[in-house]
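Each remark here refers to the structure printed beneath this line.
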Ligand code: NDP
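Residue numbers (my numbering): 27 to 509.
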């Protein structure tokens, strides 16, 4: 299967004529190709977007709303095909792509379509002298969106939809590891008659096509989700150009379980927050802190449930809970971290190895859900993002002790706390260094809320009006009316 760039409303190969292989993680086999785009393709995309900007930014909010809603409807109409494509491209279980990724992609378009209708701005009245200040929210022009492979269409649309809703035109790049659903989104844009050049999708390598978007002198803003190292590189290039940047980066999130936790919901949610999407969600709780009096009971139940219920298998099988990791190199990285954990003194309680399924999946990138205990919070295993199905168990006694450990990482994306003590929940939420704190739940998202991290987890917030503020420039107009 070949995918193409979507530039100025047309499907095109890279100008260089070069192609990259696309590998199916479930089998480890090449199953398609994508354009190996470079700065020239990005320039074409930029020109198309620049040409489209006056028309798109000049539309009424109702007209933009109508286009974005039509895209949402077409995503729903093609949901089965999109879910199959996502599962094949990424290795995630098909049921997960069908129930989470693709519905969320259409929801992103619906949500930001309606937000275009509701977005407003402030005004401030002054007396002596009499004046009124009002704020215009102008679209920025051509903006860049760069997204990762773990939730491909979900995160791609989470950026593209608000950028378009706010009146910008877009040059966007999905991960080279998961190009297909973004390509299909290009088809959908054609089907709904989105004016050409409004959304341009450039496929290819991060350090080549992605870096060209970042370095383009006239791309006004960059919305990026990906690794912290890449985020730092983007900031290094973009900051001296005074581009607006929003960086959603890695995490090493604490999952704090007090002895008074609501036990069954805590256990089932902790299984998900540990291993959903093969542990490849930036919000996964990879450091699990358990109050000492509950530690043994939790450990026993957790391991038993993993071994009974968290079946590693081919993505197409409905009872597969853990599919394939994204790539050979990522799987090797995860396995190296498991070895590191052992060398740091950790004990593997379950998993800890690659899983070899029968043909045709025998070369696929499967790793068993892995639980490690006996490591201090300050070792590398507990400090660095692994981004795979690997969690570490650590006991604690007091609230102070666990807060200190939870915060003692370079990251600060999200945190989960399990307790029935309301005062404690508020106290901890107040002191955790994280952009999102979940109490007695995980991954429950109201799309109106600000989303993002602190410290090495990023800069800026997405979600709701935060995203529309990011994708617009405020202009204050002051009118004196007593002259
Ligand atoms: P990467 O940082 O490797 O890549 C993210 C995107 O950036 C990809 O499209 C990639 O392209 C591109 N890219 C890579 N290098 C450059 C560059 N020099 N200039 C411009 N673009 C570049 O991250 P992963 O794809 O490996 O994603 C996993 C990471 O994403 C994890 O750290 C995870 O925590 C984080 N993440 C954060 C989320 C959040 O909301 N905070 C949500 C989801 C994931 P290509 O893949 O083609 O190389």
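Every residue gets a Cβ at the ideal spot worked out from N, C-alpha and C, and that includes glycine.
Residue i beta carbon near the ligand NDP (any heavy atom closer than 8 Å)
i: residue 413; result: yes
i: residue 255; result: yes
i: residue 97; result: no
i: residue 4; result: The structure shown does not extend to residue 4, since the chain spans only 27 to 509, so no value can be given for it.
i: residue 484; result: yes
i: residue 199; result: yes
i: residue 134; result: no
i: residue 112; result: no
i: residue 250; result: yes
i: residue 240; result: yes
i: residue 469; result: no
i: residue 458; result: no
i: residue 547; result: Because the chain is modelled from 27 through 509, residue 547 falls outside the range shown and cannot be assessed.
i: residue 309; result: yes
i: residue 259; result: yes
i: residue 155; result: no
i: residue 3; result: Lying outside 27 to 509, the shown extent of the chain, residue 3 is not represented and no answer is given.
i: residue 45; result: no
i: residue 175; result: yes
i: residue 436; result: no
i: residue 192; result: no
i: residue 235; result: yes
i: residue 172; result: yes
i: residue 108; result: no
i: residue 22; result: With the chain covering only 27 through 509, there is no way to say anything about residue 22.
i: residue 181; result: yes
i: residue 473; result: no
i: residue 439; result: yes
The beta strand (DSSP E) enclosing residue i, as first and last residue numbers
i: residue 503; result: 498-506
i: residue 396; result: 396-399
i: residue 445; result: Premise fails: residue 445 is in no beta strand (DSSP E) and is neither H nor E.
i: residue 309; result: Per DSSP, residue 309 belongs to no beta strand (DSSP E) and is neither H nor E.
i: residue 463; result: 462-465
Pick from the options that is closest to residue i, judged by C-alpha positions
i: residue 221; options: 269, 129, 179 and 33; result: 33
i: residue 45; options: 35, 36, 53 and 62; result: 62
i: residue 246; options: 505, 506 and 499; result: 499
i: residue 112; options: 163, 432, 157 and 127; result: 127
i: residue 175; options: 117, 328 and 87; result: 117
i: residue 340; options: 150, 201, 373 and 53; result: 53
i: residue 55; options: 27, 38 and 67; result: 27
i: residue 71; options: 138, 115, 197 and 129; result: 197
i: residue 324; options: 355, 338, 182 and 287; result: 287
i: residue 178; options: 254, 142, 352 and 154; result: 352
i: residue 456; options: 364, 226, 429 and 445; result: 429
i: residue 283; options: 225, 314, 277 and 301; result: 314
i: residue 439; options: 310, 423 and 501; result: 310
i: residue 254; options: 312, 308, 452 and 131; result: 308
i: residue 342; options: 92, 47, 119 and 82; result: 119
i: residue 400; options: 508, 370 and 383; result: 370
i: residue 273; options: 259, 281 and 266; result: 259
i: residue 346; options: 218, 123, 320 and 251; result: 123
i: residue 480; options: 402, 448, 434 and 501; result: 434
Residue i: first and last residue of the uninterrupted alpha helix (DSSP H) it sits in
i: residue 301; result: 289-301
i: residue 106; result: 105-116
i: residue 27; result: It is not in any alpha helix (DSSP H) - residue 27 carries neither H nor E in the DSSP assignment.
i: residue 454; result: 448-457
i: residue 432; result: 425-433
i: residue 83; result: 65-84
i: residue 408; result: 406-409
Rounded Cβ spacing between residue i and residue j (contact assumed at less than 8 Å)
i: residue 94; j: residue 145; result: About 13 Å separates the two Cβ atoms, so there is no contact after all.
i: residue 394; j: residue 51; result: Contact doesn't hold; Cβ gap of about 16 Å is too wide.
i: residue 206; j: residue 115; result: 5 Å
i: residue 458; j: residue 441; result: 5 Å
i: residue 398; j: residue 360; result: Not quite, the Cβ-Cβ distance comes to about 12 Å (not below 8 Å), so this is no contact.
i: residue 147; j: residue 159; result: Incorrect: roughly 11 Å between the Cβ atoms, too far for contact.
i: residue 484; j: residue 476; result: Contact doesn't hold; Cβ gap of about 12 Å is too wide.
i: residue 415; j: residue 348; result: 6 Å
i: residue 330; j: residue 214; result: Actually they do not touch by this definition, with Cβ atoms about 44 Å apart.
i: residue 261; j: residue 271; result: 6 Å
i: residue 454; j: residue 425; result: 7 Å
i: residue 318; j: residue 182; result: Between residue 182 and residue 318 the Cβ distance is about 43 Å, and since that is not below 8 Å, they are no contact.
i: residue 77; j: residue 223; result: 5 Å
Heavy atom of the ligand GDP within 8 Å of residue i beta-carbon
i: residue 477; result: Annotation note on the ligand GDP: not contained in the displayed structure, which lists the ligand NDP as its ligands.
Exercise for review: Quick one: which unbroken alpha helix (DSSP H) runs of 4-plus residues sit fully inside the stretch 315-376? Chain order, please.
Suggested key: If one requires a minimum length of 4 residues, the alpha helix (DSSP H) runs lying completely within the stretch 315-376 are 318-335 and 354-369, in chain order.
Check your understanding: Which runs of the alpha helix (DSSP H), 4 residues or longer, sit entirely within the stretch 36-63?
Key -> Qualifying alpha helix (DSSP H) stretches: none in this window.
Review point. Counting only runs that start and end within the stretch 119-203, where is the beta strand (DSSP E) found for 3 or more residues in a row?
Key: For secondary structure counted as the beta strand (DSSP E) over 3 or more consecutive residues, the stretch 119-203 holds these complete runs in sequence order: 149-152, 157-165, 168-172 and 195-199.
Review point. Counting only runs that start and end within the stretch 209-289, where is the beta strand (DSSP E) found for 3 or more residues in a row?
Key: Here the runs fully enclosed are 225-227, 247-251, 270-274 and 280-283.
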